[in-house]
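Working notes, beginning with the structure itself.
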Amino acid sequence: MTLDSKPASIPLTDFLKTENRFRIIERKDPERFAALAADAQAEQYRRRAVYEKLAELHMPTDQAAAAAE
Numbered sequence: 064m065t066l067d068s069k070p071a072s073i074p075l076t077d078f079l080k081t082e083n084r085f086r087i088i089e090r091k092d093p094e095r096f097a098a099l100a101a102d103a104q105a106e107q108y109r110r111r112a113v114y115e116k117l118a119e120l121h122m123p124t125d126q127a128a129a130a131a132e
């Protein structure tokens, strides 16, 4: 597996605030918006970490396994 994208360059919350649909939610219920944005940010970091670990794995190919036998 190869990651072909860079990690996010700005926090997710900053991005959400550029989108009108999320700004409306922030204005309507700021506490809930903050909680949901924090959860989404944590999930983004966790998911990126999982993908980076998967990219580090090197699985032997059938050809390499046959050569080892």
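Following this note's numbering, the numbering of the sequence shown begins with 64 at its first residue and continues without gaps.
C-beta atoms are modelled at their ideal positions from N, C-alpha and C, and glycine is treated no differently.
The C-alpha of Lys-80 is placed about 9 angstroms away from the C-alpha of Ile-87.
When the five nearest sequence neighbours on each side are left out, the beta carbons in the same chain lying within less than 8 angstroms of the beta carbon of Leu-120 are those of Met-64, in order along the chain. Non-local beta-carbon contacts of Leu-75 in its own chain, meaning distances under 7 angstroms to residues more than five positions away in sequence, involve Ala-100, Ala-103, Gln-104 and Gln-107 in chain order.
Its chain contains no residue whose beta carbon lies nearer than 7 angstroms to that of Pro-93 once the 5 sequence neighbours on both sides are disregarded. The C-alpha of Ala-97 lies about 49 angstroms from the C-alpha of Asp-125.
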